[in-house]
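Student:
Residue numbers (our numbering): 70 to 200.
1. Taking the alpha-carbon of residue 122 as reference, which of 171, 77, 78 and 136 has the nearest alpha-carbon?
2. In whole angstroms, give me the CA-to-CA distance for residue 70 and residue 149.
3. Please confirm if residue 194 has its CB atom under 9 angstroms from at least one CB of chain C.
4. If residue 207 and residue 193 are in contact, beta carbons under 8 angstroms, what's the gap, nearest whole angstrom?
5. Can you pull the DSSP bridge partners for residue 102?
In structure tokens:
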């Protein structure tokens, strides 16, 4: 999908529009046959209970935070937008130096969300991201 199609940075229950329709289409593809368990995914452009439940199920199945909210990390993981590109490379070991009292597992779990958000807001240059 073309990343220009997604204009909203966060999609959640109650939202409606083309971005939600694109999310539903991507979820149907990602869930495959399991998508039939969520009739609300079949059509429409409303982020309804079925969409939220399907999103949570998919998030859980791929090891993402299953909060039922679609943001930059989810759009990337579903192939709706390209993976975030930062001017510098960030890894768990580098970020751990900045947050020495934070568990490495917590950094590893959350770093992809942080990098996706930085890229989504155009904060990906070396001066912003450098450590």
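Glycine residues also receive a C-beta, built at the ideal position from the N, C-alpha and C atoms.
Just so we're clear, the structure is a prediction, and the values are computed from it rather than from any experiment.
Tutor: Answer, in terms of the structure:
1. The option with the nearest alpha carbon to residue 122 is 136.
2. Note that residue 70 has pLDDT 38, beneath the 50 cutoff, so the model's placement of it is unreliable and the number below is only indicative. Residue 70 and residue 149: Cα-Cα distance of roughly 5 angstroms.
3. The structure shown contains no chain C; it holds only a single protein chain.
4. Residue 207 lies beyond the range of the chain shown here (70 to 200); nothing can be said about it.
5. Its beta-bridge partners do not exist; DSSP assigns none.
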